[in-house]
Amino acid sequence: MDLLAELNETQREAVQWAEGPALVLAGPGSGKTRVLTHRVAHLVRERGISPREILAVTFTNKAAREMKERLLQLLGPESDALTIGTFHSICARILRREGNLLGFTSAYSIYDTDDQLAVVKRVMREMNVDDKIHRPGAILDGISRAKNELVAPEEFRPRSFSQEIVGRIYARYQQALKQSNALDFDDLLMYVAWILQKHPDALCRYQARYTYVLVDEFQDTNMAQYVLLKLLAAERRNLFVVADEDQSIYSWRGADFRNIQRFRRDYPGARVILLERNYRSTQTILDVANAVISRNVQRIPKHLYTDRGTGTPIVVHEAYDEGEEGRFVVDTIQTMVAKKQCRAGDCAVMYRTNAQSRAMEDAFVLAGQRYKLIGAIRFYERREIKDALAYLRILHNPADSVSLSRIINVPPRGLGDQTVAALFSWAGELGCSAWDALRALKDGAESPFSARAAKLLLQFLELWERLVDASQTMSAADLLKEALEATGYEQHIRSDKDEGDERWDNIKELLAAADNYSGMTNSLSAFLEEVSLVSEVDNLEEQPDVPVLLTLHMAKGLEFSVVFIVGLEEGILPHGRSLAYPEDLEKRNSWSQGWSSSARENPEGLEEERRLFYVGVTRAKDRLHLIHAFRRSTYGRGSVSKPSRFLADVPASLMQAKGGHTPRPGFGEQRPASPVAWRSPSVVDLAGERKDAANASAEPSFRAGDRVRHPVFGEGTVVNSGIVSGDEQVTVAFPKGGVKTLVARYAKLEKVR
DNA sequence: CTGGTGACAGTTTTT
DNA sequence: CTGTCACCAG
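Here it is, written out as structure tokens:
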């Protein structure tokens, strides 16, 4: 197969790049995965590089899997010797080998956010820190940020009182993890970076092993990951990264797209290649995308283009409320399917927050339209799955205190909070793990337990020891079966009337997943590592032909023929909380949703929201629908919504002029007959429109939320209004004509009630 | 240990 | 309007 045949000129240039650092700036749909895989194949096939020496790093398991599959096709069995994986899985593997340098055994547990929170709460209790004043989640964020920046507890320099607390908890938290022989996700990266920094021999080994390093989604790297890559590539400098700063939507998880600038600074000779040709979308959709993203200041300008042709104009629609928004989406999908313009499975509905999925689901259910909701509840975060895995983890790693606390009384066996707390504190006094403490108890050590408690604890220990013995010989699946059997877990779980059967089905699915690891030498270890680093079980059967509902974040990396982006309203997209400065957030009333006029806005937050919108837009291949509602209820309270400012960036010339969708009969009548109903003081307050009556003379005559009619554009909603050099300028969102800014004196605007 | 109650907070979540 | 969690009574 000719590796270069199916590539365009710039792609080919990237694939053939010889040696040294290279930065590929790849727009959406520009074939970056193809560039990465073909480059790997090229290195092996044309340049004779041993696959063993090639390291390809991704962020998601899915991306890693796809890359492996593609390379198996390109290279055949030789591809087995490549190292392809996520940052976390690669680091986990390195730490199995090198973790002893830091005092961890190779059986360490990997803690997810739930487990982390359990540790933080425990530590806070021990330290008498009030979790009402210092929220554990916020503390965890602080710890995570420090780790992402490779700041050790002893190097942590607090800049405020609450950071002082974070620093103290951080130190104790790390101790607690180490005592449990456990690492969190951030540790995987931080510790590997440290090892490479502090152990030159280890660094040399890995540098020699991986002479070519390739990175996908480089804009999403954090400091730890950047340092890691830099260290690995320091000798050979064969660092090939693919990035799109316009798709950086994870800054709140520590991702820092300025690593792209850092890369250019650290490697001044780096080859920079721009991939702007798009193979996914129509030119209309790309024009929307270009128009939107060009508003961002912090970026290198790119201009997406395609030879796919203009395509269909995009549709901007105003619905009355979230219910009608849902009905419009379902209606439109069903109409298109009926007209054979697309299949149901070609459609995706994207929203900013998961909470929005409910109204959408209601509409789908009501219309009898099947759909698939993506990612709301993750498999490995279900309680029953976590319980089952906790059993396996304490067998593999008896020091794992979080897993032990999780299941020591599940199913209930008389070991209440008191006893468990006493066990841990006694183990603390002895300076050993709960496991060791229980063994001491069995050996007749003097303990603080009542006779009854001691008896129950020893019963539990007996069970535990029996299963640990079994773990030496059994596969993960058999061991799990054994553990569930011995504890009567099935009966326990099925006793739940409502969800018992579903829960047990999930357990059976877990068993099936574990079965894939039977016959392996380190069955248990391999299985546990896999489930700790993977969020979803592989969907074996491809879903039938149904539309999918998902958040904009989850849409990244996917593509659909037809895309609906819903809830395009101020406060939702851009999201109110994204626009706030963290220090303002504490004091802010939640209902003001970030757009009260007095609040200052965080421009970086706004840019990220815009990128999120851009990600959504660029998922569409053929048709794009942008939808906002006139009013929406959040947290039970209804209020008037302003159309998103992002809509104003969409050129009206790209929108469908008229007549695509006929408004439902009664659409107009659904609005309250009198404006008083929705312009009552409480509603106006909610809209952030509090104005002092004394200033009435300078007041604009239109207000956000007003309904107006224009002779050309028809009915619309006022987004904003203000006096600009003596003239009143009114910004109006017209469902048919787009968002326009008009001078009230000239535009023949009529108020509609 | 279970079940009820009241307070409270409520983006996004690759690993 | 929800879901979660701490707390208390039985």
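Taken in order, the first sequence gives residues 22 to 774; the numbers are from my numbering. All C-beta atoms, glycine included, are put in the ideal place defined by N, C-alpha and C. Nothing here was measured: the structure is a model prediction, and the numbers come from that model.
C-alpha of Gly69 to C-alpha of Arg364: approximately 45 Å in a straight line.
The alpha-carbon of Gln184 is positioned some 15 Å away from that of Glu170. Going by C-alpha positions, Val213 is about 19 Å away from Gln200. The shortest CA-to-CA distance from Gly50 to any of Val36, Asp101, Cys112, Tyr326 is the one to Tyr326. Here Asp464 is exposed, its C-beta having fewer than 16 other C-beta atoms within 10 Å.
Contact between Lys393 and Asp135 does not hold, since the beta-carbon distance rounds to 25 Å and is not under 8 Å.
With a beta-carbon spacing of about 5 Å, Val236 and Val78 fall inside the 8 Å limit used to define contacts. Boundaries of the beta strand (DSSP E) harbouring Gly659: 658–661, taken from the DSSP string.
Taking each of Leu93, Met381, Thr356, Lys168 in turn and checking the Cα distance to Arg653, the smallest one comes out for Met381. In this chain, the alpha helix (DSSP H) harbouring Cys225 covers 221–230. Distances from the CA of Ser660 to each of Asn317, Arg524, Phe651 were compared; the closest alpha carbon is that of Phe651. Between the beta-carbon of Ile306 and that of Val638 there is about 7 Å, and that keeps the pair under the 8 Å contact cut.
The Cβ-Cβ distance between Ile648 and Val587 falls below 8 Å. Ala497 is the residue among Ser665, Ala497, Thr508 whose C-alpha sits nearest the C-alpha of Thr542. Under the criterion of beta carbons closer than 8 Å, Asp205 and Gln240 do not qualify as touching, at roughly 23 Å.
When C-beta atoms of the segment 317–324 are compared with those of the segment 266–284, three or more pairs fall below 8 Å, so the two segments count as touching. Within the DSSP bridge table, the entry for Phe585 names Val370, His646 as partners. Residue state for Ala376 is assigned as helix, using DSSP reduced to three classes. Under the DSSP assignment, Arg414 falls in the alpha helix (DSSP H) whose first and last residues are 404–417. Looking at the backbone, the Cα of Arg379 and that of Leu570 are separated by about 10 Å. Beyond the five residues adjoining it in sequence on each side, Glu87 comes within less than 8 Å, by CB distance, of Thr54 in the same chain, given in chain order. Residue nearest to Asp277 within the set Phe581, Glu238, Val45 is Glu238 (criterion: CA-CA distance). Burial of Asn243 is indicated by the presence of at least 16 other C-beta atoms within 10 angstroms of its C-beta. Taking 8 Å as the cut-off, the Cβ atoms of Ala409 and Asn375 do not count as close. Per DSSP, the continuous alpha helix (DSSP H) segment holding Thr356 begins and ends at 343–359. One Cα belongs to Ile190, the other to Lys772, and the distance between them is close to 58 Å.
Here Cys112 is buried: its Cβ has 16 or more other Cβ atoms, across all protein chains shown, within 10 Å. Counting C-beta pairs closer than 8 Å gives fewer than three between the segment 161–170 and the segment 454–464, which falls short of the contact rule. Distances from the CA of Phe723 to each of His731, Gly735, Ala765 were compared; the closest alpha carbon is that of Ala765.
Ala102 counts as exposed, since fewer than 16 other beta carbons sit within 10 angstroms of its beta carbon. The beta carbon of His109 sits closer than 8 Å to the beta carbons of Phe206, Leu209, Leu210, Leu554 from its chain, once the five residues preceding and following it are set aside; these are given in chain order. Taking the C-beta atoms as reference points, Glu405 is found nearer than 8 Å to Asn527. Here DSSP, grouped into helix, strand and coil, assigns Pro595 to coil. Spanning the alpha carbons of Ile415 and Phe125 requires a straight line of approximately 15 Å.
Counting along the chain, Tyr635 sits inside no beta strand (DSSP E); it lies in the alpha helix (DSSP H) bounded by residues 624–638.
Cβ neighbours of Tyr635 within its own chain (closer than 7 Å, five residues either side excluded): Asp267, Ala310, Val313, Ile314.
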